[in-house]
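**Q** Quick one: the structure is below, questions incoming.
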Amino acid sequence: MEGKAKKITKKVILYVILILLAVIWVIPMFTLVATAIKSKGDFYSGISLFSMPESIAWDNFVNAITKGRLLTYMKNDLIVSCLKVPLGIFIEALAAFALTRLQVRHKTGLFIFFLIGMMLPMQTALVPINVVYSNLGLLNTYFGLFYVYVGFGISFGILILRGFFNGIPKDIDEAAYIDGCNKWQLFWKIILPVAKPAVATLVITDFLSTWNEYLLASVIINDNTMKTVPVGIMTFVGEHGTDYGYLCAGVLLSVIPVLIVYLIFQRHFVEGMAGAVKS
418 MEGKAKKITK
428 KVILYVILIL
438 LAVIWVIPMF
448 TLVATAIKSK
458 GDFYSGISLF
468 SMPESIAWDN
478 FVNAITKGRL
488 LTYMKNDLIV
498 SCLKVPLGIF
508 IEALAAFALT
518 RLQVRHKTGL
528 FIFFLIGMML
538 PMQTALVPIN
548 VVYSNLGLLN
558 TYFGLFYVYV
568 GFGISFGILI
578 LRGFFNGIPK
588 DIDEAAYIDG
598 CNKWQLFWKI
608 ILPVAKPAVA
618 TLVITDFLST
628 WNEYLLASVI
638 INDNTMKTVP
648 VGIMTFVGEH
658 GTDYGYLCAG
668 VLLSVIPVLI
678 VYLIFQRHFV
688 EGMAGAVKS
């Protein structure tokens, strides 16, 4: 009886903690939605931050799309993300395949070299990137953003894929070679399909980080027609005041593409992260 009571107590404590954590995560999203549907008058009427308004201010969403040019920013961000994510993952998968499947000298040293990229703060590269891009004419271009995003994302992608590739039995390689596969066919037709969970995990994390990246985009992009969502939304903030309903409506709309990508690939997300840390 005492053992059962202890188990029940542990479960109760666990569920209480989980409920509290869920509330902590939900409150910011609720306040974002509640703010997005409030008009300017609601903010000056003394209504609580957590209260819903009497009428929904749909004008906030309309203004975010028309006056705020949010669709233009989302289009720019989507172009860069759709270029960066597939090509970045492909390059990272090739490197991880070489580190785990090919006879490459100093594999551990090469892997550590790639990981050093994760230790380099973006801030230290801002001035060199700006100088080089100015000389090459890459400022205010999609390729300028795409190039640096791929470079800064390679280390994390190799870390995830190398761990997952190491968990794939080497017997598969031998069977593939016996069936007549070459190294490229082994990579493309066998290893990558088996590593779908890890690839799906990278699609979610890469798309999210690329879509939300602000620092590099704010340095490389100055043209209003080329700005991405994080940089573009900052134009919603006024010099002498900010319409928070209008701002939150823009933020809420900008979340939709990320949510769609997550819903498509989330089935493989946990499995991919678990496989990546096995080694």
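If you count by this note's numbering, then the sequence shown holds residues 418 to 696, one letter each, in order. Beta carbons are placed, not taken as given, at the ideal position from N, Cα and C, and that holds for glycine.
1) Given a threshold of 16 other Cβ atoms within 10 Å of its Cβ, counted over all protein chains shown, does A644 qualify as buried or as exposed?
2) Whose CA, out of C499, N547 and A513, lies closest to the CA of P674?
3) Give, in chain order, every unbroken run of the beta strand (DSSP E) that is at least 3 residues long and sits entirely within the stretch 527 to 607.
4) Below 6 Å CB to CB, which residues in the same chain sit around L543 once its five sequence neighbours on both sides are set aside?
5) Under a three-way DSSP split, which group does P503 fall into?
6) Suppose the cutoff is 8 Å on Cβ atoms and the five residues either side in sequence are ignored; what does the same chain contact list for N639 look like?
7) Alpha carbon to alpha carbon, how far is V502 from V620?
8) When the Cα of F507 is compared with those of W601, N552 and D596, which residue comes out closest?
9) Which runs of the alpha helix (DSSP H) at least 4 residues long sit entirely within the stretch 611 to 691? Give them in chain order.
10) Quick check on S671: buried or exposed, where buried means 16 or more other Cβ atoms within 10 Å of its Cβ?
11) Do the stretch 509 to 525 and the stretch 576 to 591 touch if we need at least three Cβ pairs shorter than 8 Å?
12) Which of helix, strand or coil does DSSP assign to L438?
13) Residue range of the alpha helix (DSSP H) that V479 falls in?
14) Just confirm the distance between the C-beta atoms of G702 and I650, as a whole number of angstroms; I'd bet it's less than 8 Å.
15) How many whole angstroms separate the CB atoms of M539 and F569, which I take to be in contact at a CB cut-off of 8 Å?
16) Output the distance between the C-alpha atoms of Y490 and F478, rounded to the nearest integer angstrom.
17) Apart from the five residues on each side of it in sequence, which residues of its chain come closer than 7 Å, Cβ to Cβ, to D590?
18) If I measure Cβ to Cβ from V497 and keep anything under 8 Å in the same chain, skipping five residues before and after, which residues do I get?
19) Assuming S456 and A474 make a contact with CB atoms under 8 Å, what is their CB distance in whole Å?
20) Cα separation between K428 and T618?
21) Give me, in chain order, the residues of the same chain whose beta-carbon lies closer than 7 Å to that of K448; leave out the 5 immediate sequence neighbours on both sides.
22) Within this structure, are the beta carbons of A453 and L669 separated by less than 8 Å?
23) Helix, strand or coil: which one does DSSP assign to M446?
24) Can you tell me whether L609 is helix, strand or coil according to DSSP?
25) Helix, strand or coil: which one does DSSP assign to I430?
**A** Reading off the structure:
1) Reading off the sequence shown, one finds Lys at residue 644, where the question assumed Ala. So K644 ends up on the buried side.
2) Closest option to P674, Cα to Cα, is C499.
3) none
4) V636
5) helix
6) Excluding sequence neighbours, N639 sits near L556 and N557.
7) 6 Å
8) W601
9) Qualifying alpha helix (DSSP H) stretches, in chain order: 613 to 629, 632 to 637, 646 to 650 and 661 to 682.
10) By the 10 Å Cβ count, S671 comes out buried.
11) yes
12) DSSP places L438 within a helical segment (H, G or I) once states are collapsed to three.
13) D476 to I482
14) Because the chain here runs from 418 to 696, residue 702 falls outside it and cannot be looked at.
15) 7 Å
16) 15 Å
17) Excluding the 5 residues flanking it on each side, D590 has same chain C-beta neighbours closer than 7 Å at R518 and L603, in chain order.
18) Y559, L562, F563, Y566, T627 and T645
19) 4 Å
20) The straight-line gap from Cα to Cα measures roughly 30 Å.
21) It is worth fixing the name first, because residue 448 is Thr in this sequence and not Lys. Closer than 7 Å at Cβ, skipping near neighbours: L466 and F467.
22) yes
23) helix
24) helix
25) Three-state result, I430: helix.
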